[in-house]
Amino acid sequence: MQRNRTIADCGKGLVAAEQVCKLSGARLTPLRRRVLELVLACGKPVGAYSLLSELRADGYSDAPPTIYRTLEFLRAHGLVHRIAKSSTFVACCRPRNGHCGLIFVCTGCGGAMELQEQEIMDDITQRAAGLGYRIPRQIVEIEGVCNACQAVS
C-alpha cells in the first residue's frame, strides 16, 4: 500500500523534523534522529521491537523503555503516528505540532497511508465541542483494503 520511501524522502523528513524540533525548543538527539530515520526508511508501519533490533545492529544497546520514550517524543512532536490497533508507528507525511490526520490501514498487507483532510477534522472538532470535548490532537484510523491487496484477491 505505502510506496517505498526513497533516500530523498528520508532526507526531507529529517529536515522537517529538525525544523519542528527547533521551533519547539526540543533536541533531535542522535538516537531520536536514528529512530526517525529507521521509521522513514521503512515506509510502512513498524513496531518498537523491530526498531530496537535495528538499533542494536547499529551498535546501540538500548532497552525497550528507551525506544518507547524515543517514539513518544517523536509522536508528541508530530513526527510519527502510532497505529493503535497494531501498536506500530509510521512517519508523518507533514510533520508539525498540533497535527491532525486520517490514517488508512490496509487489513491485507498492513500498509498505511496518511491523508490530510482539514475539513473532516474541523467537522470532528466542532462535533466534539458540541459534546463538551476539547481535542488537542486528532488521528483517525480507518481500516480497509488497499488497491494492491484488492487486485490479488
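The C-terminal residue of the sequence shown carries number 290 in our numbering, and the numbering is unbroken.
Cβ coordinates follow ideal geometry from the N, Cα and C atoms, glycine included.
On a predicted model such as this, the values are computed, not experimentally measured, just so you know.
Nearest residue (CA-CA) to residue i, options the options
i: LYS149; options: ASP195, ASN284, ILE257, LEU177; result: LEU177
i: ILE204; options: THR244, GLU280, LEU188; result: LEU188
i: ALA221; options: ILE279, PRO202, VAL152, GLY267; result: ILE279
i: GLN253; options: GLY245, GLN263, PHE241; result: PHE241
i: LEU168; options: GLY196, CYS179, ALA153; result: GLY196
i: ALA163; options: GLY247, LEU211, MET258; result: LEU211
i: GLN287; options: VAL152, SER161, GLY245; result: GLY245
i: ALA194; options: PRO202, THR207, GLY180, ARG171; result: ARG171
i: ILE276; options: LEU239, GLY247, ARG264; result: LEU239
For residue i, the first and last residue of its enclosing alpha helix (DSSP H)
i: ARG169; result: 167-179
i: ALA127; result: A query on residue 127 cannot be resolved here, the shown segment of the chain reaching from 138 to 290 and no further.
i: GLY267; result: 255-267
i: ALA288; result: 284-289
Bridge-paired residues (DSSP) for residue i
i: ILE279; result: PHE241
i: GLU251; result: ILE240
Exposed unless 16 or more other CB atoms sit within 10 angstroms - verdict on residue i
i: ASN141; result: With a pLDDT of 41 at ASN141, under the threshold of 50, the predicted position of this residue should be treated as unreliable, though the coordinate-derived value follows. Counting Cβ neighbours within 10 Å, ASN141 comes out exposed, since fewer than 16 surround it.
i: ARG231; result: exposed
i: LYS315; result: A query on residue 315 cannot be resolved here, the shown segment of the chain reaching from 138 to 290 and no further.
i: VAL256; result: Correcting the residue type first, residue 256 is Glu in the shown sequence and not Val. Per the 10 Å Cβ criterion, exposed.
i: GLY180; result: buried
i: LEU173; result: buried
>> Extract the residue ranges of the beta strand (DSSP E) inside the segment 200-248, only unbroken runs of 3 or more that lie entirely within it.
In response: 217-220, 225-228, 237-243
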